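Numbering (our numbering), first residue to last: 6 to 420. For glycine and all other residues, C-beta sits at the position ideal for the given N, C-alpha and C. Predicted, not measured: the structure shown is a model, and the values here were computed from it. A short worksheet on the structure shown next.
Structure, rendered in structure tokens:
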């Protein structure tokens, strides 16, 4: 059985008329494989890390190696699962993850039988999920507003959608992965857990800044240093509060400027790019800025922030005196220190970020260089009342072409 890439599989054509978001749902529903949630409430992870909205879509597929057109899903002999050493992952999961590796990349024997345009196949594969996910977000916000939920009703105008693309490496782990030396198939990989590892080499970050930024027409906007203090809430155990803080250089302390609730994921599409050493993630998520906390809540949070001590020698860059990392309601469960550069064009925002994280629950820290693209123009078009499907499709293909040609060329990655 030979591997058949997505662009050669049979699929139903979609009418590309200009439709309202509500009209898109029945048209695409039969082709969608929704996540485990089917209720009107969100799936919330009490760890505060990965949280999914209702009817969220989570997919994985591979692209980049052609096989015979016999309907099989086994990869070519040049593609195998290989263990990779990711220290933070191993500390957290107690196992080495596996990554798809194509030995033909190193020997320059990959032909790439896509007429030189694999991004077209990716766009066709994800378009339906993208449109449906925007409908799901709109429907959930409208439902929560109608139900009169206290936070969401007061702040519905402050819920922001984010459509992002990230480069990194897809890692597979957990049962029933079994013997990774046996033949690799799509069916097998869809049955196991996966994570997206976003840490990229610092040398590749330098390449992006020096070579890619001038080439893609984005302008430098700002350098930004932020401390993200993550808090559990005893009154809402399923929620995590994230406090964004800047550094007041003169006083040598933190200044709180924004409080957010859990980021909710509505679409996660992971793409193993077998012609490249990097993989791709497309994700639609929302984040909500909290503006209606009581005075007591705000004071409790400010007390926690004010008691933090800047310390470059600890993971996350912050520490708290003994007994000062919690109040009656809130408790510090993690901290991120990020230093980023932002570049913008009319269609997208590129962010290059150096992140230093520490999780108080697991006592595990990690530093990483990360690259993300916020596809803001495409997101704005998807939020319009009348959705022009032809325009959406072309914008998506343009973005994916740029990403494929400019952001997926890291020669060496993890080993």
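Return the CA-CA distance between residue i and residue j, expressed in angstroms with no decimal places.
| i | j | result |
| --- | --- | --- |
| residue 304 | residue 254 | 22 Å |
| residue 128 | residue 405 | 7 Å |
| residue 357 | residue 401 | 22 Å |
| residue 120 | residue 280 | Reliability of the predicted coordinates at residue 120 is poor, the pLDDT of 47 falling under 50, and the value obtained from them is presented with this limitation in mind. Roughly 13 Å separates the two Cα atoms. |
| residue 287 | residue 334 | 35 Å |
| residue 2 | residue 363 | Because the chain is modelled from 6 through 420, residue 2 falls outside the range shown and cannot be assessed. |
| residue 238 | residue 81 | 49 Å |
| residue 35 | residue 140 | With a pLDDT of 30 at residue 35, under the threshold of 50, the modelled position of this residue cannot be trusted, and the question is left open. |
| residue 410 | residue 349 | 18 Å |
| residue 218 | residue 380 | 16 Å |
| residue 291 | residue 223 | 24 Å |
| residue 252 | residue 344 | 12 Å |
| residue 87 | residue 259 | 43 Å |
| residue 295 | residue 207 | 35 Å |
| residue 134 | residue 390 | 18 Å |
| residue 393 | residue 136 | 11 Å |
| residue 422 | residue 215 | Look at the range of the chain in this structure, 6 to 420, and you will see that residue 422 is not part of it. |
| residue 116 | residue 108 | Confidence at residue 116 is low in this model, with a pLDDT of 45, below 50, so its placement is unreliable and the value that follows should be read with caution. Rounded to the nearest angstrom, the two C-alpha atoms are 13 Å apart. |
| residue 225 | residue 188 | 46 Å |
| residue 336 | residue 242 | 11 Å |
| residue 359 | residue 211 | 12 Å |
| residue 63 | residue 300 | 39 Å |
Which residues mark the beginning and the end of the beta strand (DSSP E) in which residue i is found?
| i | result |
| --- | --- |
| residue 365 | Run containing residue 365: none; DSSP gives neither H nor E here. |
| residue 372 | 369-379 |
| residue 166 | 164-178 |
| residue 95 | Counting along the chain, residue 95 falls outside any beta strand (DSSP E), though it belongs to the alpha helix (DSSP H) covering 92-98. |
| residue 227 | 224-238 |
Considering Cα atoms alone, identify which of the options is closest to residue i.
| i | options | result |
| --- | --- | --- |
| residue 365 | 231, 358, 348 and 324 | 324 |
| residue 383 | 409, 139, 397 and 377 | 397 |
| residue 209 | 243, 173 and 92 | 173 |
| residue 61 | 69, 273 and 200 | 273 |
| residue 164 | 284, 337, 267 and 344 | 267 |
| residue 213 | 379, 392 and 374 | 374 |
| residue 403 | 321, 125 and 290 | 125 |
| residue 199 | 372, 179 and 96 | 179 |
| residue 371 | 389, 344 and 320 | 320 |
| residue 338 | 149, 387 and 367 | 367 |
| residue 194 | 65, 332 and 336 | 65 |
| residue 67 | 192, 136, 336 and 150 | 192 |
| residue 257 | 189, 322 and 300 | 322 |
| residue 297 | 99, 284 and 263 | 263 |
| residue 205 | 285, 289, 347 and 97 | 285 |
| residue 166 | 203, 96 and 269 | 269 |
| residue 142 | 332, 57, 91 and 95 | 57 |
| residue 245 | 220, 293, 308 and 147 | 293 |
Measuring from the CB of residue i, is there a heavy atom of the ligand COA at a distance below 7 Å?
| i | result |
| --- | --- |
| residue 285 | The ligand COA is not part of the structure shown, which contains no ligands of any sort. |
Output yes or no for whether 8 Å exceeds the beta carbon distance between residue i and residue j.
| i | j | result |
| --- | --- | --- |
| residue 232 | residue 131 | no |
| residue 312 | residue 105 | no |
| residue 84 | residue 102 | no |
| residue 93 | residue 369 | yes |
| residue 227 | residue 249 | no |
| residue 261 | residue 306 | yes |
| residue 271 | residue 385 | no |
| residue 282 | residue 110 | yes |
| residue 378 | residue 170 | yes |
| residue 78 | residue 190 | yes |
| residue 310 | residue 234 | yes |
| residue 275 | residue 177 | no |
| residue 229 | residue 96 | no |
I'd like the span of the alpha helix (DSSP H) that includes residue i, first residue to last.
| i | result |
| --- | --- |
| residue 191 | 191-194 |
| residue 104 | Careful: residue 104 lies outside any alpha helix (DSSP H), inside the beta strand (DSSP E) at 103-107. |
| residue 399 | 394-411 |
| residue 87 | Residue 87 -> not in any alpha helix (DSSP H); beta strand (DSSP E) instead, spanning 84-88. |
| residue 199 | From DSSP, residue 199 is part of no alpha helix (DSSP H) but of the beta strand (DSSP E) over 198-202. |
| residue 316 | Taken as a continuous stretch (DSSP letters only), residue 316 belongs to no alpha helix (DSSP H), as it is neither H nor E. |
With 16 other CB atoms within 10 Å as the buried threshold, where does residue i fall?
| i | result |
| --- | --- |
| residue 240 | exposed |
| residue 123 | buried |
| residue 59 | buried |
| residue 352 | buried |
| residue 69 | buried |
| residue 55 | exposed |
| residue 328 | exposed |
| residue 318 | exposed |
| residue 45 | Below a pLDDT of 50, predicted positions are generally treated as unreliable, and residue 45, at 33, falls in that range; the measurement from the model is reported next regardless. Answer is exposed; the Cβ neighbour count stays below 16. |
| residue 415 | buried |
| residue 99 | exposed |
| residue 145 | buried |
| residue 330 | buried |
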